[in-house]
Amino acid sequence: MKQSEYYWGTGRRKVALARVRVRAGSGTVKINERPAEEYFPRIIWQAQALEALKTAGLEGKVDVFANASGGGLTGQSGAVRLGLARALLKMNPDLRPALKKSGLLTRDSRMVERKKFGQKGARGKRQFSKR
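Going from the sequence shown to our numbering is simple: count from 1 and add 17.
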């Protein structure tokens with residue numbers, strides 16, 4: 018693990034995409050060139066995005082740089098979470114059991130169901146009258 022060497026990971030959730038770079042460092046976390054606390058104003062988003070660092074026990078030991086796009090902040094924090102876990106795995110393959118046990122390496126496949134023709138939405142149908 019060299020000081021200047023970056024490890025990449027890609028994460029997706031819903032429509033959001035996050036490209037995450039990790040390197041050994043002092044614990045800087047930047048998402049779209051902004052600190053994580055500023056980019057994700059809610060604590061739950063911050064906690065979700067950086068969950069992999071806590072599980073791996075690397076808080077304050079690695080620098081994280083993420084580019085997140087698409088979707089909303091909930092999807093983006095989920096995408097950063099997966100991308101960060103994948104990048105940490107490339108950095109240190111010994112972390113796999115811990116990350117896998119916490120479910121951080123699983124892609125959340127839930128997507129918005131498409132609207133069907135003749136209906137108001139994905140599931141919403143016209144009101145049915147028996148008589």
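For every residue, glycine included, the Cβ atom is placed at its ideal position computed from N, Cα and C.
Quiz item: Where DSSP assigns a beta bridge to tryptophan 25, which residues make up the other side?
Solution: Residue pairing for tryptophan 25: DSSP places it in a beta bridge opposite Arg38.
Quiz item: Quick one: what does DSSP say proline 114 is sitting in, helix, strand or coil?
Solution: In the structure shown, proline 114 sits in a helix (DSSP, three-state: H, G or I).
Quiz item: DSSP puts phenylalanine 82 in a beta bridge; with which residues?
Solution: The partner list for phenylalanine 82 (beta bridge, DSSP) reads Arg38, Lys47.
Quiz item: Exposed or buried, methionine 108, counting other C-beta atoms within 10 Å across all chains shown (16 or more means buried)?
Solution: Sixteen is the threshold: when 16 or more other Cβ atoms of the shown chains lie within 10 Å of the Cβ of methionine 108, as they do, the residue is buried.
Quiz item: Apart from the five residues on each side of it in sequence, which residues of its chain come closer than 6 angstroms, Cβ to Cβ, to leucine 122?
Solution: These residues qualify, in order along the chain: Ala102, Leu116.
Exercise. Report yes if the CB atom of alanine 96 is closer than 8 angstroms to the CB atom of alanine 104, and no otherwise.
Key: Between alanine 96 and alanine 104, the C-beta gap is not smaller than 8 angstroms, which leaves the two residues out of contact.
Quiz item: By DSSP, does arginine 140 sit in helix, in strand, or in coil?
Solution: Reduced to three states, the DSSP call for arginine 140 is coil.
Exercise. Determine the DSSP secondary structure at arginine 30, reduced to helix, strand or coil.
Key: Strand, per DSSP.
Exercise. Answer with buried or exposed for tryptophan 62, where buried requires no fewer than 16 other C-beta atoms within 10 angstroms of its C-beta.
Key: Around the beta carbon of tryptophan 62, 16 or more other beta carbons sit within 10 angstroms, so the residue counts as buried.
Quiz item: If you follow the alpha helix (DSSP H) that methionine 108 is part of, which residue opens it and which one closes it?
Solution: Element bounds for methionine 108: 90 to 108.
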